[in-house]
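**Q** Quick one: the structure is below, questions incoming.
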Amino acid sequence: MSPVPTVRLRIYPDDCDAYGHVNQAAFLRMFERARWEAIALGPGTDVFTRAAAWPAIRRASVEYYEPAFPGELLRFDLVLTHLGRTSFSMHQTVRREAGGAIIAAGQFVGVCIDHHGRPTPIPEAMTQFLGVRPSTPGGEVRHFVVRGAATAVDVEGDGQAVLFVHGFPFDRTMWRAQLTNLGGFSRIAPDLRGFGLTDPPPERWTLADYADDLVWILDQVGVERTVVCGLSMGGYIAFELWRRHRKRICGLILASTRPEPDTAEGKKRRDEMIELVRRSGPGAVVDAMLPKLLAPATLDGQPQIAAHVRTMIADSSASGMMSAIVAMRERSDSTPLLSSIDVPTLVVAGAADALIPADAQRALAHAITNAQFESVPDAGHLAPLEQPDRFNRTVAAFLNSMR
Ligand code: MLT
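Shown next, in the form of structure tokens:
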């Protein structure tokens, strides 16, 4: 979620054209007004004058989805998508306050300039206010409107596409080491609905819905066939993609996942977690989950990984988390699917996974024709974060073997 406050602006007749709806050019003015309103609520509109550094927009592009009419209240949200020393990019969405439908979305690229018009560092107070979320270092988060939801996606590199699907309750930044270091492939890592910077889903959301969103994203980035790398819940979604859209898949990497549905006991635990999140919010599950997610070696020796996992969990939206828990509780049995998998497949487990034991994942690999199994030492449930070099070497070797 963006730390930048949401701003509400009302439409007046002078924003509208002869058809009576908001004129496209008026949206540029409204986006600008919304940015200043947000800054007024944060560091103050004199933040730039104080630092003798002023923002100049170099590129603006707006996509329009629905008309808006006089009297309507609109809601503006902003996220920073790239932050350099002097330059920045941001994505803004405008929604109808009543019902929340997205009306338009804009991408703005700017630079801070001094009195002489020369690029100058962005004021410190602004960078603190914008609170950039860790993403691909140097990369840029892309934003799409996917079936009515503002959706954030990291896209890096060229070559064979690999779609990285995060687990629960994480976000696309769990794949940071893969986005940064797995050169030679086109890496695509979205935030699933309700996680990271992507809008929460409607109340009833299924694994099939997450899978359909992903196909929509593939269409947006122009990828016809991809390797799907799903971790845990991301693996459940990978099975769903195979069930519904297998023509789009040319390889599978199943990390820390299982094909079986929840047991009765598992469903009961899901209900308890929903209650906890409803009562106390996403942060309440952090302490209970962390020791199960990370290997003892990670908890003892890599505090930065534990901190990253904490942040991802605590920043999830409560509604997104609850929808995901229900979707997982209701998921179908994917074991009957396994015999149909005829694309190269790698199953990769953390040797110390306390949630889905490595032996169960070895059995998963045995059930898929010619699947390869690898176990990552000193990793728990989150090998891509805990042992990124080892995980990346394993994945790169698998992807190279497909060439
Ligand atoms: C995950 O990491 O996605 C979860 O552990 C999956 C689950 O709760 O079944």
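For the sequence shown, the working numbering gives the first residue as 109, with consecutive numbering after it. We put the CB at the ideal spot given by N, CA and C, even for glycine. Note that the structure is a prediction, hence the values are computed from the model and not measured.
#1: Candidates Leu402, Leu117, His129, Trp162: which alpha carbon is nearest arginine 141's?
#2: Closer than 7 angstroms: is that where the CB of leucine 384 sits relative to any heavy atom of ligand 1?
#3: Under a Cβ-count criterion, where at least 16 other Cβ atoms within 10 Å of its own Cβ denotes burial, should threonine 281 be classed as buried or exposed?
#4: Which whole-angstrom value is the C-beta distance of glycine 488 and leucine 402, which I expect to be below 8 angstroms?
#5: Provide the residue span of the beta strand (DSSP E) that contains glutamine 286, from first to last.
#6: Near glycine 275, which residues of its chain fall below 6 angstroms by C-beta distance, leaving aside the five closest residues on each side in sequence?
#7: Got a sec, what are the start and stop residues for the alpha helix (DSSP H) tryptophan 324 sits in?
#8: Using 8 angstroms as the threshold, is the C-beta distance between leucine 446 and proline 367 below it?
#9: I'd like to confirm something about histidine 416: is its beta-carbon nearer than 7 angstroms to some heavy atom of ligand 1, or not?
#10: Terminal residues of the continuous beta strand (DSSP E) containing proline 298?
#11: If isoleucine 211 and alanine 260 are in contact, beta carbons under 8 angstroms, what's the gap, nearest whole angstrom?
#12: In the DSSP assignment, what residue or residues form a beta bridge with alanine 505?
#13: Given 7 angstroms as the limit, tell me if methionine 436 has its C-beta closer than that to any heavy atom belonging to ligand 1.
#14: Give a yes or no on contact between the segment 439 to 456 and the segment 405 to 421, applying the rule of three or more CB pairs nearer than 8 angstroms.
#15: Just the Cα atoms here: how many angstroms apart are aspartate 154 and arginine 143?
#16: Keeping to the same chain, check which residues put their C-beta closer than 6 angstroms to that of alanine 473; ignore five residues upstream and five downstream.
#17: So the candidates are Val329, Ala505, Phe278, Thr365; which of them puts its Cα closest to the Cα of serine 425?
#18: In the structure shown, what three-state DSSP assignment does alanine 212 receive?
**A** With the structure as the only source:
#1: Distance check between arginine 141 and each of Leu402, Leu117, His129, Trp162 places Leu117 closest, using alpha-carbon atoms only.
#2: no
#3: buried
#4: 5 angstroms
#5: Careful: glutamine 286 lies outside any beta strand (DSSP E), inside the alpha helix (DSSP H) at 284 to 289.
#6: When the five nearest sequence neighbours on each side are left out, the beta carbons in the same chain lying within less than 6 angstroms of the beta carbon of glycine 275 are those of Leu339, Ser340, Met341, Gly342, in order along the chain.
#7: 315 to 328
#8: A Cβ-Cβ contact shorter than 8 angstroms links leucine 446 with proline 367.
#9: no
#10: 294 to 298
#11: Rounded, the Cβ-Cβ distance is 19 angstroms, inconsistent with contact.
#12: Beta-bridge pairing links alanine 505 to no other residue.
#13: yes
#14: no
#15: If I take the Cα positions, the gap works out to 13 angstroms.
#16: Val455, Ala479, Phe481
#17: Phe278
#18: Correct three-state label for alanine 212: strand.
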